[in-house]
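Notes to accompany the following structure.
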Amino acid sequence: MNKHVAARPRDGFTTGLGVIFATLGSAIGLGNIWKFPSLTGLNGGAAFLILYLACTLLVGLPVMISELSLGRRARANAVTTFEKLAPRQPWWLIGAAGALAAFLILAFYTEVAAWVIAYIFKAAFGQLSSVDPQVTAAAFSGLISSPVQSLLWQWLVLAMIAAIIIAGVSKGIERMTKRLVPALFVLLLIVIVRSLTLPGASEGLVFLFRPDFSKVTWATVLVAMGLSFFKLSVGMGTMITYGSYFRADQNIPGTAARVMLGDVLVSILAGIAIFPAVFAFGFEPDAGPSLLFITIPAVFNAMPLGRVFMVLFFLLAAFAATGAMLSLLEVPVAYLTERLNWSRVKATVTTTLILAVFGAGAALSGSILANLKPFGMTLFDLYDFSSSNILLPLGGLFICLFVGWRWGLGEVRRVLSNDGRLRNERIVQLFFGVVKFLTPILVFIVLLNGLGVIKL
Ligand code: PHE
């Protein structure tokens, strides 16, 4: 039986470009559209952007390189990776905590994706046509306070990503993201041209690119560091799982750097698509998360042909969300197929059904479960908070500690240089120094703050 398992060839990404699109597809997500612009709006525009860049370089990127390396070395799911690299030691718990984090993120993320997809249809059928934010706010609360709508749209999202995951790594994830990511760029550029050619658009650009450091506090720095985890999909095994599908000749630091830059580019482009239009029509830029579902529809309605652009905008948001959700769902599916030897169909269907139960907690947070508040938060907020603020930094911390202190420079050099075929000793040394000392210290501070041990 075991021989049979070992003999079955492992699925993986087939081309260098496929690797980039799949990994970029995981990083780009609702984070770029739902979290990034509103955080930039609240925290001093370009000042936050600069801060975020520094945090990604020192925190997100090193953890991403670490995860990809571990996965490719072990060629296994997130749990088995640690069992292989450190047998009979408890490091596998990192992978297990990661699978839990993937679950929690998916539980609320699929609901935000559900709203996005609902908005594509609502925009197309003219149900969101008002320039008054109070009216669009009522439309949004109508959606989230309807248990039936919230659940049905979420189930649609779950069914969609399950179908792609069942198709496999190369035939499902790779093939899909190779189409979605370029399409997303094209749609983004179309919306940008519209936004920038509105009268008064320049004010939005000034806001986005002129730094206001008076709004930056230590708490902002921590927010930026935490965001770099969520943005680059690290700290929970996604990148370990994807790394295990990387080709042997893939340059890991080069790929990670490209993905990071591509992801930042999309965040900035999303800002350029949103803020000029927001300012052109005199809306408030710092509206927090409601920016996406309340302000933006009103903004689009204020412009000629706004309905068309609104549909395109939510379509691109849905494309972004899909690549991210695929990578999240792949974490438990890879584990179940490899460890329990389940078929891909069985693993995906089981995971999706369990997710539908967890996810209902998030979907119903705006309606029948609105008053269920363990730890003073709705389930939706609790899933988001516990994964983003606790599990991801915790996973990231231990991944750095594993790579820096347990694995060691020799192994790191081997995997990052593709067994000596790449001449990148300087990058290896720099990476190793950062991941051994600097990143863990920074992540530890983020974690203490997330747990409320220190208050900055
Ligand atoms: N990076 C994704 C985004 O920005 C979210 C994500 C987090 C995906 C963790 C996978 C793992 O939306």
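If you read the sequence shown in numbering that gives the first Met the number 0, its first letter stands for residue 0, the second for the next number, and so on. Here a beta-carbon is modelled for each residue, glycine too, at the ideal position from N, C-alpha and C.
- Taking a 10 Å sphere around the C-beta of K34, we find 16 or more other C-beta atoms and assign the residue as buried.
- Cα atoms of A223 and F384: separation of roughly 15 Å, rounded to the nearest angstrom.
- Distance between I453 and D380, taken at the CA atoms: about 21 Å.
- By the neighbour-count definition (other C-beta atoms within 10 Å, threshold 16), W90 is a buried residue.
- Here V433 has P61 as same chain residues with Cβ atoms under 6 Å from its own Cβ, once five neighbours each way along the sequence are excluded.
- Two segments are said to touch when three or more pairs of C-beta atoms, one from each, lie closer than 8 Å; by this definition the region 410-417 touches the region 64-84.
- In this structure the region 326-339 does not touch the region 208-221; the number of beta carbon pairs closer than 8 Å is below three.
- About 17 Å separates the CB atoms of K230 and F20; that is not less than 8 Å, and the two are not in contact.
- Proximity to A161 across L437, M376, T347 peaks at T347, based on C-alpha coordinates.
- Pairing P210 with L290, the inter-Cα distance amounts to about 20 Å.
- Relative to the Cα of N76, the nearest Cα in the group F318, G236, T254, V111 belongs to G236.
- Comparing alpha-carbon positions, the option among W404, R420, L352, Y334 lying closest to T79 turns out to be Y334.
- DSSP places Q428 in the uninterrupted alpha helix (DSSP H) bounded by 424-432.
- For M259, the enclosing alpha helix (DSSP H) starts and ends at 251-279.
- The three-state secondary structure of S149, taken from DSSP, is helix.
- Excluding its 5 nearest sequence neighbours in each direction, S65 has C-beta neighbours in its own chain below 7 Å: I398, C399, V402, V434, listed in chain order.
- A323 has its alpha-carbon roughly 17 Å from the corresponding atom of G11.
- The three-state reading of DSSP puts V233 in coil, since its state is none of H, G, I, E or B.
- Secondary structure note for N300: its alpha helix (DSSP H) is the uninterrupted segment 295-300.
- In this structure, A319 and I191 do not form a Cβ contact; the two beta carbons are roughly 15 Å apart against a cut-off of 8 Å.
- Closest option to G141, judged by alpha-carbon separation, among F292, F228, M309, G451: F292.
- For the set L441, L450, G451, L447, the Cα lying nearest the Cα of A53 is the one of L441.
- Restricting attention to P296, I353, L429, L315, the CA atom closest to the CA of L328 is found in I353.
- At a threshold of 7 Å, T237 counts as near ligand 1, since its beta carbon sits closer than that to one of the ligand's heavy atoms.
- Within the region 92-157, complete alpha helix (DSSP H) segments of at least 4 residues are found at 132-143, given in chain order.
- Relative to the Cα of V277, the nearest Cα in the group S194, L396, F312, Q428 belongs to S194.
- Taking 7 Å as the cut-off, the C-beta of F229 counts as close to a heavy atom of ligand 1.
- By the C-beta criterion, the region 166-176 is judged not to be in contact with the region 128-135, since fewer than 3 inter-stretch pairs fall below 8 Å.
- Excluding sequence positions up to five before and after L268, its CB lies within less than 6 Å of the CB of L187, all in the same chain and listed in chain order.
- Counting every other CB atom within 10 Å of its CB across the protein chains shown gives P36 a total of 16 or more, marking it as buried.
- For N31, the shortest C-beta to heavy atom distance toward ligand 1 is below 7 Å.
- Distances between the C-beta of A26 and the heavy atoms of ligand 1 include at least one below 7 Å.
- Judged by the Cβ position, I19 fails to qualify as a neighbour of ligand 1 at the 7 Å threshold, every heavy atom of the ligand being at least this far.
- Per DSSP, reduced to three states, the secondary structure at L57 is helical.
- With a threshold of 7 Å, the Cβ atom of S194 does not count as near ligand 1, since no heavy atom of the ligand is closer than that.
- About 7 Å separates the beta carbon of S149 from that of A113, a gap short enough to meet the 8 Å contact definition.
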